[in-house]
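Numbering (full-length UniProt numbering), first residue to last: 1 to 520.
Note that the Cβ used here is the ideal one computed from N, Cα and C, for glycine as well.
Every value quoted in this text rests on a predicted model; they were computed, and no experiment measured them.
Written below as structure tokens is the structure these notes are about.
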């Protein structure tokens, strides 16, 4: 719907009136007159709007914790935020009070209205529909099931090694092909193309849009919802055109593979996959429950193929950077693999328990580069009182993952990349130390909203990391004079944070390693 200038002014006025009404409601719903949690003082109406940076807000939150404690409250245009900076706070609210803190924001016009992401249970409000979708997802990704996907992951890892040999400079693309290819086969039974696969391209664009639009306030339309009625051709309405493009990609991410697998199922030649299994159990066409069941099948597999690939992509990108920056870590891992596995084969899943240092590298990479550094917002469904403070209904409650993974009380020298922190060095075998805070405590989310695909991510990362270390050396590039270029960690902004593209040298460790790569 396109609006005239006068109508836009009218709606803007209504928006401001709504902000005033929201503020008044918060005052009335606090009968005990408890204080709000500590935080920076804001201005009337706009709150702390002008203090929130467009990039790396998690670093601002970390500084605020030093000033206000491990729980910080602020407001932006009537929307209240509560940022949590300790595992005690996240456990108290997301675990012990999960019935009130398991919903999602329902007022994010760019992501939810213009891009129509609400089909995925990752963005659904807490309730019966979310529980059905989550249960359906869990049936295919719980710990006792994911082991059956290991042959697919192992073959995808071998393809990954061959692609690195053929064009090492394109390693970022090969990382995406590895994870996206394996998840496409698991979810849909689809073998992706070696180059320019349309499914991978669609998922990439969809997830880039979600990562950018998933940050509350990333677009002005999130702060002034009236802007969603501005026509796409209007000056400054580029967000509408972006939303239309991303909406189309998100829809295709779910619909395109569904159409293909359904055709194959009806023809009797569908390959085994999660979607093939779900289609086989759909109600009859005449059943009124058919439409909902089809939608759930599309949404569940779409969530896995999108979120499941891009989260692990971000971690493996960070792994390559960390290895190029820390050759000593790389050499120690390679020595462990050589001692346990030898050099005549690749590490497999049966070796995992005997490779504690490799496992520590996976853990440290998840900690050092948290893929959701600012956390994914939960929303309080009702007014609450906690630790002497009032938390209004509709507050966005965020566990600041970057802080939890860089807590100096839990990690000595937290900015340093050091897998040894996860090992029990007093043990002669250097086993993993279970007393050290695992990145799983925060990296995959909290409470009822914890990522249900984390077990598949663990196995995908292990086989990729162990196989790459077994046969490749990863080094910094050199300049024109032959000097090594100093690399540093640079990350993208967004709810999902990637490593900024960088260059490195990827070479087979030896002639034996080269023969092994060529032979897989």
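Please report the straight-line C-alpha distance between residue i and residue j, rounded to a whole angstrom.
{"i": "residue 524", "j": "residue 285", "result": "This structure cannot speak to residue 524, because the chain is shown only from 1 to 520."}
{"i": "residue 268", "j": "residue 486", "result": "55 Å"}
{"i": "residue 500", "j": "residue 434", "result": "32 Å"}
{"i": "residue 136", "j": "residue 395", "result": "29 Å"}
{"i": "residue 514", "j": "residue 365", "result": "26 Å"}
{"i": "residue 46", "j": "residue 497", "result": "27 Å"}
{"i": "residue 450", "j": "residue 187", "result": "20 Å"}
{"i": "residue 355", "j": "residue 340", "result": "7 Å"}
{"i": "residue 33", "j": "residue 374", "result": "30 Å"}
{"i": "residue 11", "j": "residue 99", "result": "Reliability of the predicted coordinates at residue 11 is poor, the pLDDT of 47 falling under 50, and the value obtained from them is presented with this limitation in mind. Their backbone Cα atoms lie some 35 Å apart in a straight line."}
{"i": "residue 283", "j": "residue 289", "result": "7 Å"}
{"i": "residue 439", "j": "residue 337", "result": "23 Å"}
{"i": "residue 279", "j": "residue 320", "result": "38 Å"}
{"i": "residue 502", "j": "residue 393", "result": "43 Å"}
{"i": "residue 408", "j": "residue 367", "result": "13 Å"}
{"i": "residue 140", "j": "residue 455", "result": "11 Å"}
{"i": "residue 294", "j": "residue 213", "result": "27 Å"}
{"i": "residue 397", "j": "residue 124", "result": "16 Å"}
{"i": "residue 101", "j": "residue 129", "result": "17 Å"}
{"i": "residue 154", "j": "residue 422", "result": "25 Å"}
{"i": "residue 194", "j": "residue 151", "result": "19 Å"}
{"i": "residue 277", "j": "residue 200", "result": "22 Å"}
{"i": "residue 330", "j": "residue 106", "result": "45 Å"}
{"i": "residue 521", "j": "residue 372", "result": "Any answer about residue 521 is impossible in this case: the structure gives the chain only from 1 up to 520."}
Quick check on this structure: which residue in the options has the alpha carbon closest to the alpha carbon of residue i?
{"i": "residue 117", "options": "162, 248, 55", "result": "248"}
{"i": "residue 172", "options": "318, 149, 350, 226", "result": "318"}
{"i": "residue 70", "options": "400, 430, 464, 425", "result": "400"}
{"i": "residue 255", "options": "275, 87, 438, 403", "result": "275"}
{"i": "residue 314", "options": "503, 124, 35, 492", "result": "492"}
{"i": "residue 382", "options": "93, 87, 67", "result": "93"}
{"i": "residue 202", "options": "167, 252, 51", "result": "252"}
{"i": "residue 207", "options": "468, 90, 302", "result": "302"}
{"i": "residue 417", "options": "424, 437, 489", "result": "489"}
{"i": "residue 430", "options": "403, 380, 43, 358", "result": "358"}
{"i": "residue 379", "options": "241, 218, 51, 84", "result": "84"}
{"i": "residue 197", "options": "177, 480, 262", "result": "177"}
{"i": "residue 479", "options": "464, 54, 505", "result": "505"}
{"i": "residue 111", "options": "310, 437, 482, 211", "result": "211"}
{"i": "residue 507", "options": "323, 193, 50", "result": "323"}
Say whether chain B places a C-beta atom closer than 8 Å to the C-beta of residue i.
{"i": "residue 473", "result": "Going by chain labels, chain B is absent from the structure shown, which holds only one protein chain."}
Kindly indicate the opening and closing residues of the beta strand (DSSP E) around residue i.
{"i": "residue 71", "result": "71-76"}
{"i": "residue 68", "result": "Careful: residue 68 lies outside any beta strand (DSSP E), inside the alpha helix (DSSP H) at 57-68."}
{"i": "residue 389", "result": "389-391"}
{"i": "residue 79", "result": "79-84"}
{"i": "residue 385", "result": "384-386"}
{"i": "residue 540", "result": "Residue coverage of the chain in this structure runs from 1 to 520, which leaves residue 540 outside it and unanswerable."}
{"i": "residue 397", "result": "396-399"}
Where do the N-terminal and C-terminal ends of the alpha helix (DSSP H) with residue i fall, by residue?
{"i": "residue 309", "result": "290-325"}
{"i": "residue 179", "result": "171-188"}
{"i": "residue 343", "result": "Taken as a continuous stretch (DSSP letters only), residue 343 belongs to no alpha helix (DSSP H), as it is neither H nor E."}
{"i": "residue 461", "result": "454-471"}
{"i": "residue 198", "result": "198-213"}
{"i": "residue 223", "result": "220-223"}
{"i": "residue 161", "result": "150-166"}
{"i": "residue 90", "result": "87-90"}
Could you round the C-beta distance between residue i and residue j to whole angstroms and report it? I think they count as a contact, below 8 Å.
{"i": "residue 72", "j": "residue 64", "result": "5 Å"}
{"i": "residue 299", "j": "residue 120", "result": "6 Å"}
{"i": "residue 38", "j": "residue 68", "result": "4 Å"}
{"i": "residue 495", "j": "residue 215", "result": "5 Å"}
{"i": "residue 90", "j": "residue 179", "result": "Residue 90 to residue 179, Cβ: 27 Å. No contact."}
{"i": "residue 517", "j": "residue 471", "result": "5 Å"}
Any idea what DSSP makes of residue i, helix, strand or coil?
{"i": "residue 51", "result": "helix"}
{"i": "residue 118", "result": "coil"}
{"i": "residue 285", "result": "coil"}
{"i": "residue 500", "result": "coil"}
{"i": "residue 518", "result": "helix"}
{"i": "residue 436", "result": "coil"}
{"i": "residue 143", "result": "helix"}
{"i": "residue 475", "result": "strand"}
{"i": "residue 512", "result": "helix"}
{"i": "residue 268", "result": "coil"}
{"i": "residue 379", "result": "strand"}
{"i": "residue 371", "result": "coil"}
{"i": "residue 280", "result": "helix"}
{"i": "residue 526", "result": "For the chain, the structure presents residues 1 to 520; residue 526 sits outside this window and is missing."}
{"i": "residue 420", "result": "helix"}
{"i": "residue 101", "result": "coil"}
{"i": "residue 43", "result": "strand"}
{"i": "residue 491", "result": "strand"}
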